[in-house]
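Shown next, in structure tokens, is the structure this report addresses.
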Amino acid sequence: MSTAGFTLGEIAQALQARLDGDPGQVVTGVAPLDTAGPDQISFLTDLRYRDAARASRAGAFLAPSEVNDLPGAVLHCTAPQQALIDLIRLFHPAVPVPSGVDRTAVVAPDARIDPSATVGPLSVIESRAVIGPGVRMHALVYVGPGVQVGEGSVLYQHVTLREGVRLGRRVVVHAGAVLGADGFGFAFDGTAHRKVPQVGGVLIEDDVEVGANTTIDRATFGDTIVRRGSKIDNLVQIGHNVEIGEHSLLIAQVGVSGSSRLGRGVVLAGQVGVADHVTLGDGVVAAAQSGIPSDVAAGTSVFGTPARPLALGRRIAVAQTRLPELLQRVRALERQLEQIATRLGLPVPERADD
Amino acid sequence: MSTAGFTLGEIAQALQARLDGDPGQVVTGVAPLDTAGPDQISFLTDLRYRDAARASRAGAFLAPSEVNDLPGAVLHCTAPQQALIDLIRLFHPAVPVPSGVDRTAVVAPDARIDPSATVGPLSVIESRAVIGPGVRMHALVYVGPGVQVGEGSVLYQHVTLREGVRLGRRVVVHAGAVLGADGFGFAFDGTAHRKVPQVGGVLIEDDVEVGANTTIDRATFGDTIVRRGSKIDNLVQIGHNVEIGEHSLLIAQVGVSGSSRLGRGVVLAGQVGVADHVTLGDGVVAAAQSGIPSDVAAGTSVFGTPARPLALGRRIAVAQTRLPELLQRVRALERQLEQIATRLGLPVPERADD
Amino acid sequence: MSTAGFTLGEIAQALQARLDGDPGQVVTGVAPLDTAGPDQISFLTDLRYRDAARASRAGAFLAPSEVNDLPGAVLHCTAPQQALIDLIRLFHPAVPVPSGVDRTAVVAPDARIDPSATVGPLSVIESRAVIGPGVRMHALVYVGPGVQVGEGSVLYQHVTLREGVRLGRRVVVHAGAVLGADGFGFAFDGTAHRKVPQVGGVLIEDDVEVGANTTIDRATFGDTIVRRGSKIDNLVQIGHNVEIGEHSLLIAQVGVSGSSRLGRGVVLAGQVGVADHVTLGDGVVAAAQSGIPSDVAAGTSVFGTPARPLALGRRIAVAQTRLPELLQRVRALERQLEQIATRLGLPVPERADD
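Residue numbers (this note's numbering), protein chains in the order written: chain A, -12 to 341; chain B, -12 to 341; chain C, -12 to 341.
Structure (structure tokens):
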């Protein structure tokens, strides 16, 4: 999938990196430290892997400014993780896609599709939908009535955007994701659960990414909202009327229950669950599998079910390991106290048998 | 998405509510307390939000009979949650859909589709399938050989109903749900896992709702069953040969393992897991993220992994918070006992160092 | 779905079983102990169900060699679980499917489809894809550019195989699964999360099964790999650059984070989570809902969050049940010690109030 190679000089210029090596040396691809060969450039973005870098067969390296003991040419960068992104894009440029609507797509006559957009085979675009400039809809995508898809967005295969969904610009929705399914709202009437009609929508702001087979429900009223720059992984569930703040990260299989509000820069690790009507302040971080039953103040890291401040959660986890031993120690203390009480002629406390 | 407005008199009649206000006042929509304006009607269905109601700008309110201090006209109802459902339906009536089979759908010649049913674009209906009166199949739906879909059911986009699936009446299946995939059954033969053929089906009774991207596996023999009136949220997994009793609620990301049986009115909160071959009695309620390894008696509420009766589970959760402190207290007790034993000339207990 | 019946003699021969009964007796189907009737054959593969077998109305039984007290003819087998697979296949043979490409499928001119393969309606096969002999692609499947599908594989409805995915032989991918979505890789540049391009692929070896709505992400570089014979259940998430060893089992809703490596024969029960960059040795078994933050040695069974060796994990779970009582006992000990210290004229330890 790579293009032909680049000289290190060309790469140094593209990445604004300082080259320690031969600017005429050619590399034909980028690869991790353990698999890169002499004709490839590798990267050291995390100093924990310094030994692996020294042992690598790569012909050249992208590395932090202070690293100068690598077995090949080095491109020194102040922000190597960001430079790596540029390096990968250099070798793997986006494949240009011809614009236009595939002849097998089913498009309502009153849908508005920008001429620079691409609509893949067997996709369906319903009445009054608006597809912006440069949008790329892959095959078998469903775009419901009145849905708006902003400039430069990408919809992968089998995506469903039901009526009432609006996407900002440069939004990426991965395969199989469902946006705008009914929120889970029922009221028991004494005999059966009656459905509360879900008449709201879903608003996804600019630069959001939504993972494969993730589900984001429509609001009962108003909108379920994901603010700009947030990234959502695969198989995540976002309930009705939830609001996710800007630049948050929701890792795979997270669930956020209805009407909860996450601040800016919140990070929920894999399989975390958030109860309904909960507020998480800006910058809250939850460790994997945490269960969050109530509000968490801004800047707090939490862990466990129920989630507790990270330091306490870790101390509890450590203490739990000693819990079986602790039971035995308490039993021993009780026996010793009994002896002493007997010796002193004090009443011996009654106690249930273990 | 609203129709034109209604007078409060018209609404009072439709909801059988007692109006305290001007029957000629017109409202044009329904909205929550915090966003409703003077031309809208809002609702107070939970008395915890009474302050929000008093501060609301809404022109009228739906409220319980005893509430009479709201800043606008009030429609008094004995069951405001149920009345709210009727109110929303008044303003957001179901959009009538023309019946008929879209010309891009692929329908087997021997499938039987009721003339009042709707089949959306690019849907596939296989041989011998039966689609009942008033069924609404959206775009890109798959209905397998011999599948039955009962009267008034709704299948959203990208739904898969494989062979052997039968849906009752008024069943709703949300986008991306998969009914009838093979149960997870393998037998290790010493070298490899051999597949146990899964030759059963899936039976969904009347008035069941199945969430987006949820999976309900076919039985090995017989049927995996969801009884009438049960509601299943998004991304839920229901294994082969499971039976879910009537009017149960399974919230998002719940997993129920093979051959387990849930009674009537069971409620499993988000991310709960139920082991295989487990029986949960009628009315069992499991708190979010609980893991249920064995049978639970009817009427029991449980919490935790492994799940314990709710009161115990909560006491454990509280006690855990004090566990690190408890360890220190036991250490202190041991030191004090040592001093006393020394003082009394008793043998000092040996003890591993902390 | 059954064929007409077989005589017990025919079945004994097909299964290489020893028949204790009339070889001319006919059975028309196979069914579990509790539902089988006199014209059906049932099976006892787990001796825990011996009582149910003795009470069964089945006309014949498949059973281990040593069982000889059943109320009907018995086919004795040394490996009854394996024989049951053959028995089910006898009564439910695979339905032959005519090969060929459905006229509504959308196939790139330069895709290579073996003449013995079947391509279902409204499927999409992109440029340079290779579909092997005997492959069965159901309806509405997406096969991306250059994707390879090996001999005898089955792709169910709404499957997505993006570019860079290669499947071995006899791979089964259930409905709605997504293989090859972008790995979740972002680098914060101080203002926003920038996407790390994901330019690797997904390699699925022979005889792997992938469950419904499961997601397996493409690697950043190289491949995300599932080795031969592994079976993955529904709604499982496998992150970028993960490697799953041979003959492993991942039960429903498991999540494996990026770059983790599982050995041979690993078993992860339902809803287990594995952190990133973790190595699980051969034969590791994790109980349901376990959270695995770090490496686990080969052959270890673990339980809990954080996961601990099974025996310790179970002792902790038991001890937790007594934690509220333990707190009270420690409080009692402290009071008694206080009395004794007072009596002995020792200093009374200071203590925070409970």
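Even glycine gets a Cβ: it sits at the ideal position worked out from N, Cα and C.
- Message: Is Asn55 of chain C close to chain A? Criterion is C-beta to C-beta, closer than 8 Å.
- Response: Here residue 55 of chain C is taken as the residue at index 68 of the third sequence, counted from 1. Answer no: the Cβ-Cβ gap between Asn55 of chain C and chain A never drops below 8 Å.
- Message: Going by the DSSP bridge assignment, what does His161 of chain A pair with across the sheet?
- Response: In the first sequence, counting from the first residue as 1, residue 161 of chain A sits at position 174. The partner list for His161 of chain A (beta bridge, DSSP) is empty, contrary to what the question assumes.
- Query: Are at least three pairs of beta-carbons, each pair with one atom in the region 169 to 180 of chain A and one in the region 137 to 151 of chain C, less than 8 Å apart?
  - Reply: no
- Message: Please classify Met(-12) of chain B as buried or exposed, where buried requires at least 16 neighbouring CB atoms within 10 angstroms.
- Response: Within the second sequence, residue -12 of chain B is the residue found at index 1, counting from 1. Any reading at Met(-12) of chain B is ruled out, since the residue's pLDDT is 40, under 50, leaving its predicted position unreliable.
- Message: With a threshold of 6 Å on Cβ separation, who are the neighbours of Ala(-1) of chain B within its own chain once the five nearest residues in sequence on each side are excluded?
- Response: Counting from one through the second sequence, the residue named residue -1 of chain B turns up at place 12. Answer for Ala(-1) of chain B: Leu6 and Leu62, listed in chain order.
- Task: Using the Cα positions of Ala66 of chain A and Asp176 of chain C, report the straight-line distance between them to the nearest angstrom.
- Result: What you label residue 66 of chain A is simply residue 79 of the first sequence in a count that begins at 1. What you label residue 176 of chain C is simply residue 189 of the third sequence in a count that begins at 1. For Ala66 of chain A and Asp176 of chain C, the distance between alpha carbons rounds to 9 Å.
- Query: Using the beta-carbon of each residue, which ones in chain C are nearer than 7 Å to Thr202 of chain B?
  - Reply: Indexing the second sequence from 1 puts residue 202 of chain B at position 215. Near Thr202 of chain B (Cβ distances below 7 Å), the residues of chain C are Ala199, Asn200, Asn221 and Leu222.
- Buried versus exposed call for Gly286 of chain A [16 or more other C-beta atoms within 10 Å across all chains shown]: Taking the first sequence and counting its residues from 1, one reaches residue 286 of chain A at position 299. So Gly286 of chain A counts as exposed.
- In DSSP terms, what Pro120 of chain A is bridged to: Taking the first residue of the first sequence as position 1, residue 120 of chain A is located at position 133. In DSSP, Pro120 of chain A forms no bridge with anything.
- Along the region 87 to 117 of chain A, what residues have a CB closer than 7 Å to any CB found in chain C? Thr91, Pro108 and Leu109
- Item | Counterpart residues of Ser288 of chain A in DSSP-defined beta bridges | Counted from its first residue, the first sequence places residue 288 of chain A at position 301. Looking at the DSSP assignment, Ser288 of chain A forms a beta bridge with A:Val272.
- Message: Using DSSP's beta-bridge definition, name the partner residues of Gly278 of chain B.
- Response: Here residue 278 of chain B corresponds to residue number 291 of the second sequence, with the count starting at 1. Answer by DSSP bridge pairing, in chain order: B:Gly260.
- Measure the beta-carbon distance from Ala164 of chain A to Thr201 of chain A and round it to whole angstroms, keeping in mind my assumption that it falls under 8 Å. Counted from its first residue, the first sequence places residue 164 of chain A at position 177. Counted from its first residue, the first sequence places residue 201 of chain A at position 214. Right, the Cβ-Cβ distance comes to about 5 Å (below 8 Å), so this counts as a contact.
- Could you tell me how far apart the beta carbons of Thr147 of chain B and His145 of chain C are, in whole angstroms, since I believe they sit closer than 8 Å? Residue numbering aside, residue 147 of chain B sits at position 160 when the second sequence is read from its first letter. Residue numbering aside, residue 145 of chain C sits at position 158 when the third sequence is read from its first letter. Correct: roughly 6 Å between the Cβ atoms.
- Message: On the CB-based measure, 16 or more other CB atoms within 10 Å of its CB, does Ile221 of chain B come out buried or exposed?
- Response: The sequence position of residue 221 of chain B within the second sequence is 234, counting from 1. Residue identity differs from the one stated: residue 221 of chain B is Asn in this sequence, not Ile. The residue in question, Asn221 of chain B, is buried, as its Cβ has 16 or more Cβ neighbours within 10 Å.
- Message: Here's the rule: buried if 16 or more other CB atoms are within 10 angstroms of the residue's CB, otherwise exposed. What is Thr178 of chain C?
- Response: Along the third sequence, one-based indexing puts residue 178 of chain C at 191. When all chains shown are included, Thr178 of chain C counts as exposed.
- Query: Counting only beta-carbon atoms, is Ile279 of chain B nearer than 8 Å to chain A?
  - Reply: Start at 1 with the first residue of the second sequence, and residue 279 of chain B comes out as number 292. Not one chain A Cβ lies under 8 Å of Ile279 of chain B.
- Which of helix, strand or coil does DSSP assign to Ile303 of chain A? Reading the first sequence from its first residue, position 316 is the one you call residue 303 of chain A. Here Ile303 of chain A sits in helix by DSSP.
- Outcome for Gly150 of chain C when other beta-carbon atoms lying within 10 angstroms are tallied against a minimum of 16: Within the third sequence, numbered from 1, the residue matching residue 150 of chain C stands at position 163. The sequence shown places Glu at residue 150 of chain C, rather than the Gly named in the question. So Glu150 of chain C ends up on the buried side.
- Query: Quick one: is Phe(-7) of chain B near chain A, going by C-beta distance under 8 Å?
  - Reply: Indexing the second sequence from 1 puts residue -7 of chain B at position 6. Cβ-Cβ to chain A under 8 Å: no for Phe(-7) of chain B.
- First and last residue of the beta strand (DSSP E) that includes Ala60 of chain B? On the second sequence, position 73 is the one that residue 60 of chain B refers to. Taken as a continuous stretch (DSSP letters only), the beta strand (DSSP E) holding Ala60 of chain B covers Ala60 to Cys64.
- Length of the line joining the Cα atoms of Val82 of chain B and Val241 of chain B: Here residue 82 of chain B refers to the residue found at position 95 when the second sequence is read from its first residue. Here residue 241 of chain B refers to the residue found at position 254 when the second sequence is read from its first residue. C-alpha separation (whole angstroms): 32 Å.
- Item | Span separating the alpha-carbon of Ala40 of chain B from that of Arg35 of chain A | Position 53 of the second sequence, counting from 1, holds the residue named residue 40 of chain B. Position 48 of the first sequence, counting from 1, holds the residue named residue 35 of chain A. The alpha-carbon atoms of Ala40 of chain B and Arg35 of chain A are separated by roughly 56 Å.
- Task: Would you verify that the beta carbon of His180 of chain C is, or is not, closer than 8 Å to some beta carbon of chain B?
- Result: Reading the third sequence from its first residue, position 193 is the one you call residue 180 of chain C. For His180 of chain C, the answer is no, since every Cβ of chain B falls outside 8 Å of its Cβ.
- Message: Residues of the region 308 to 322 of chain B in Cβ contact with chain A at a cutoff of 8 Å, in chain order, please.
- Response: Thr308, Leu310, Pro311, Leu313, Leu314, Val317, Leu320 and Glu321
- Please decide whether Thr287 of chain B counts as near chain C, where near means a Cβ-Cβ distance under 8 Å. Your numbering for residue 287 of chain B matches position 300 in the second sequence. Thr287 of chain B does not count as touching chain C.
- Helix, strand or coil for Ser(-11) of chain A per DSSP? Counting from one through the first sequence, the residue named residue -11 of chain A turns up at place 2. Any reading at Ser(-11) of chain A needs caution, since the residue's pLDDT is 43, under 50, leaving its predicted position unreliable; the model's value is listed next. Coil.
- Message: By the three-class DSSP mapping on this structure, what secondary structure does Ala42 of chain A have?
- Response: Walking along the first sequence from the start, residue 42 of chain A turns up at place 55. In the structure shown, Ala42 of chain A sits in coil (DSSP, three-state: anything other than H, G, I, E or B).
- For Glu192 of chain A, is the classification buried or exposed, using 16 other Cβ atoms within 10 angstroms of its Cβ as the cut-off for buried? Taking the first sequence and counting its residues from 1, the one referred to as residue 192 of chain A is at position 205. Buried.
- Message: Taking CB distances under 8 Å as the criterion, tell me whether Tyr129 of chain C reaches chain A.
- Response: Taking the third sequence and counting its residues from 1, one reaches residue 129 of chain C at position 142. By this cut-off, Tyr129 of chain C is an interface position.
- Message: So, with DSSP's three-state summary, where would you put Ile(-2) of chain A?
- Response: Position 11 of the first sequence holds residue -2 of chain A. Note: Ile(-2) of chain A maps to helix in three-state DSSP.
- With a cut-off of 8 Å, do at least 3 Cβ pairs link the region 209 to 226 of chain C to the region 225 to 237 of chain A? no
- Message: Assuming Thr202 of chain B is part of the beta strand (DSSP E), what are its boundary residues?
- Response: The residue labelled residue 202 of chain B in the question sits at position 215 within the second sequence. Thr202 to Asp204 is the span of the beta strand (DSSP E), which, as asked, contains Thr202 of chain B.
- Terminal residues of the continuous beta strand (DSSP E) containing Asp7 of chain A? The residue labelled residue 7 of chain A in the question sits at position 20 within the first sequence. First-last of the beta strand (DSSP E) with Asp7 of chain A: Arg5 to Asp7.
- Verify the CB distance criterion: does Ala304 of chain A have a CB-CB separation below 8 Å to chain C? Here the question's residue 304 of chain A lines up with position 317 in the first sequence. Ala304 of chain A counts as touching chain C.
- Message: Measuring only the C-alpha atoms, how far is Ala284 of chain B from Gly250 of chain B?
- Response: Here residue 284 of chain B refers to the residue found at position 297 of the second sequence. Here residue 250 of chain B refers to the residue found at position 263 of the second sequence. So the two alpha carbons sit approximately 10 Å from each other.
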